[in-house]
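Colleague: Residue numbers (our numbering): 790 to 1412.
Now the structure itself:
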């Protein structure tokens, strides 16, 4: 039998799987308990994606030889592909019990524990793998991602750095490390890293996931290249489902909104009123939630707005696709793109005949599986259409939905309560720290130098970032105490109310404020922005255009800086703008959610009709 087994093994190693499988079956007819043959047959079935058969064969092998750590490791890997995560962890526990120095088993178990949302246990498992194998780059890398989930940014950066030191060309890790450092304003080697990021992306190398590019490069073409690289690598499977066959028309258009952020999150705050205002006589709404289970008030409000709310956080991509197809979803709206916790595989597999990129990811997805992106003439000017794989749905006023019922607390905060000085101009920016770049910070520090007694008011939920910004201010000759960090406020209406203590919201470049800029305008705080080339760098300009404050859109760094100083030193001019904002707030389109709902429903109806009339996917302008 040894010669037969050797023949099967040789065929397997040379990729002749069917022939190898036939010989294995011959051997097992004579020797049904031949361990090595069962192991090999399990591998063959696994490689041909027959995971259930592979599991059955490996299970038999374990019954014959239960003291083999490698067979338990493989058993667990098969269980992962069968989406039996808890059972897989159990098999890795068995492997580790047999061989306590089995680094790969610790590493694999860590990956499964992450999937099970047992992140702290995952870190422990990765650390065990590293203890056994100090040069285990992948363990350092995945441990870094786990630390990110735990919001332990410093530990994450340390882990990523160790991974890169061991394996400098690890796929997409450099960009992830760059983004993670930026999220705490760690700008050491920023210029060098930025140059490397651009050059390697242009060379079509796997240097960064798409999202980090948005915050540092104002280039829709570069963003497209980055997305194309990422998708080609991650979603090039030939095992996709069959295309969706033409269907009968539903009585109502079935809209599926897909997100991990149906909770107290910016996306939900912007969209919840749209969900509530949708015309239920014409549209049937389905919410597909694949984020962690949440019980906050926004989750309750969002979920009740849908005809069906489906919590799919434990289903794999293909299962969600099949469910979507069974429910006959007509239009699938991806609210995530390549943001955190995204499930882009759902769209790569085609969960609906019409698929749309909207709101969560302010750039192209770089793939033909997404048919449309919702924008407006400001965020996607005609000359930029070439940089989008999707066709553009142009909404008439602004692409962004808003909730006109969002409450602002009547509480009146004193400056002292908020940690602000009694006197002096308050520049404000509550955007996330990863949007702050050294170049915009340079401008902000010059503003503080030129406007006597002024302060810069920033979000205060990032201790490491605040510490680094203090250091950067000092290096630029500015007293760090002129940077004021806002304390977290549990209630949104209180957070909105405190905007009234600021004088001017100064936007980040090239990644503008989205929800944060909208919130500022809703509270009556003017937003000054610098319009760029990419979608993300034109969002605030779109908001200002829709509320009739085009005079706050600047077109160069010098104009941005000069206008900031002018408004800070000419109270009458700023007062005039604030009065105009107050007047326009409820009269201009930006916060007219009913009008927005009508416009986006018109868009949905149009693309639905085009599909059923077999018309080509093309740019659409809603009037």
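Backbone N, C-alpha and C fix where the C-beta goes; we use that ideal spot for every residue, glycine too.
Sorted by chain position, which residues of the same chain lie with C-beta nearer than 8 Å to residue 887's C-beta, five sequence neighbours on each side aside?
Modeller: The residues are 856, 857, 858, 861.
Colleague: Helix or strand or just coil, what does DSSP make of residue 1277?
Modeller: In this structure, residue 1277 counts as coil in the three-state DSSP scheme.
Colleague: Does the beta-carbon distance from residue 837 to residue 814 come in below 8 Å?
Modeller: Contact flag unset, no.
Colleague: Using three-state DSSP, classify residue 908 as helix, strand or coil.
Modeller: Residue 908: helix per DSSP, three-state reduction.
Colleague: If residue 1222 and residue 1121 are in contact, beta carbons under 8 Å, what's the gap, nearest whole angstrom?
Modeller: With a Cβ gap of about 32 Å, residue 1222 and residue 1121 do not count as contacting.
Colleague: Per DSSP, residue 1266 is paired with what?
Modeller: Paired residues: none, contrary to the question.
Colleague: What do you reckon, are the CB atoms on residue 1282 and residue 1196 nearer than 8 Å?
Modeller: For residue 1282 and residue 1196, yes; Cβs fall inside 8 Å.
Colleague: Using the Cβ count rule (16 or more neighbours within 10 Å means buried), how would you classify residue 785?
Modeller: Past the boundaries of the shown model lies residue 785; the chain is included only from 790 to 1412, so the question cannot be answered.
Colleague: Measuring CB to CB, does residue 899 end up less than 8 Å from residue 918?
Modeller: Contact: yes.
Colleague: Give me the Cα-Cα distance between residue 1118 and residue 1398, rounded to the nearest whole angstrom.
Modeller: Approximately 15 Å between the Cα atoms of the pair.
Colleague: Can you check whether the CB of residue 1010 is closer than 8 Å to the CB of residue 825?
Modeller: No.
Colleague: Measure the CB-CB distance between residue 1125 and residue 1307 and report whether it falls below 8 Å.
Modeller: No, these two residues do not count as a Cβ contact at 8 Å.
Colleague: On the three-state DSSP scale, how would you describe residue 813?
Modeller: Correct three-state label for residue 813: helix.
Colleague: Between residue 963 and residue 953, which are expected to be in contact by the criterion C-beta below 8 Å, what is the C-beta distance as a whole number of angstroms?
Modeller: Between residue 953 and residue 963 the Cβ distance is about 7 Å, and since that is below 8 Å, they are a contact.
Colleague: Are the beta-carbon atoms belonging to residue 1250 and residue 1277 less than 8 Å from one another?
Modeller: A contact, by the Cβ cut-off of 8 Å.
Colleague: Kindly indicate which three-state DSSP category residue 1254 falls into: helix, strand or coil?
Modeller: Of the three classes helix, strand and coil, the one that applies to residue 1254 here is helix, per DSSP.
Colleague: Among 1087, 1305, 1144, 1178, which residue has its Cα nearest to the Cα of residue 1110?
Modeller: Nearest option by C-alpha distance: 1144.
Colleague: Drop a sphere of 10 angstroms on the beta-carbon of residue 804, count the other beta-carbons inside from all chains shown, and report buried for 16 or more, exposed for fewer.
Modeller: Its Cβ having fewer than 16 others within 10 Å, residue 804 is exposed.
Colleague: Beta-carbon within less than 6 Å of residue 1211's beta-carbon, same chain only, minus the 5 sequence neighbours each way: which residues are those?
Modeller: Same-chain partners within the cutoff: 1204.
Colleague: Take the Cβ of residue 1361 as the centre, count every other Cβ of all protein chains shown within 10 Å, and call the residue buried at 16 or more, exposed below.
Modeller: Per the 10 Å Cβ criterion, exposed.
Colleague: Would you please state the rounded distance, in angstroms, between the beta carbons of residue 1293 and residue 1353? I believe it to be under 8 Å.
Modeller: That belief holds up - the Cβ atoms of residue 1293 and residue 1353 are roughly 7 Å apart, short of 8 Å.
Colleague: Leaving out five residues before and five after residue 1419 in sequence, what residues of the same chain have Cβ atoms less than 8 Å from its Cβ?
Modeller: What is shown of the chain runs 790 to 1412, which leaves residue 1419 out entirely.
Colleague: Taking residue 1163 as part of the beta strand (DSSP E), name the residues at either end of that continuous run.
Modeller: Residue 1163 -> beta strand (DSSP E) spans 1161-1164.
Colleague: According to the neighbour-count rule (16 or more other Cβ atoms, all chains shown, within 10 Å of its Cβ), is residue 1339 buried or exposed?
Modeller: Residue 1339 should be labelled exposed.
Colleague: If we ignore side chains and look at the alpha-carbon of each, how far apart do residue 1151 and residue 848 end up?
Modeller: In a straight line, the C-alpha of residue 1151 is about 47 Å away from that of residue 848.
Colleague: Going along the chain, which unbroken runs of the beta strand (DSSP E) with 3 or more residues stay wholly within the stretch 1135-1175?
Modeller: Fully enclosed beta strand (DSSP E) runs of 3 or longer: 1143-1146, 1161-1164.
Colleague: DSSP puts residue 976 in a beta bridge; with which residues?
Modeller: Partner(s): none; residue 976 has no beta bridge.
Colleague: Could you pull the DSSP bridge partners for residue 1316 from this structure?
Modeller: Its beta-bridge partners are 1294.
Colleague: Quick one: grab the DSSP three-state call for residue 1078.
Modeller: If DSSP states are grouped into helix, strand and coil, residue 1078 belongs with the strands.
Colleague: Can you find the residues in the same chain that come closer than 7 Å, C-beta to C-beta, to residue 1185, ignoring five residues on each side of it along the sequence?
Modeller: So the qualifying residues of the chain are 1388, 1411, 1412.
Colleague: Could you check whether the Cβ of residue 1136 sits closer than 7 Å to any heavy atom belonging to the ligand NAP?
Modeller: The ligand content of the structure shown is nil, which means the ligand NAP is not present either.
Colleague: From residue 1342 to residue 958, what distance separates their C-alpha atoms?
Modeller: Answer to the nearest angstrom: the Cα atoms are 41 Å apart.
Colleague: The beta strand (DSSP E) that contains residue 1121, what's its start and end?
Modeller: It spans 1120-1123 - the beta strand (DSSP E) in which residue 1121 sits, taken as one unbroken run.
Colleague: So residue 1004 packs on residue 1165, CB below 8 Å; how close in whole Å?
Modeller: No, residue 1004 and residue 1165 are not in contact; Cβ-Cβ is about 21 Å, not under 8 Å.
Colleague: Taking only the alpha-carbon atoms, compute the straight-line gap between residue 1408 and residue 1182 and give it to the nearest angstrom.
Modeller: Distance between the alpha carbons of residue 1408 and residue 1182: 6 Å.
Colleague: So, residue 884 versus residue 894, is the Cβ gap smaller than 8 Å?
Modeller: Cβ distance < 8 Å, so residue 884 and residue 894 count as in contact.
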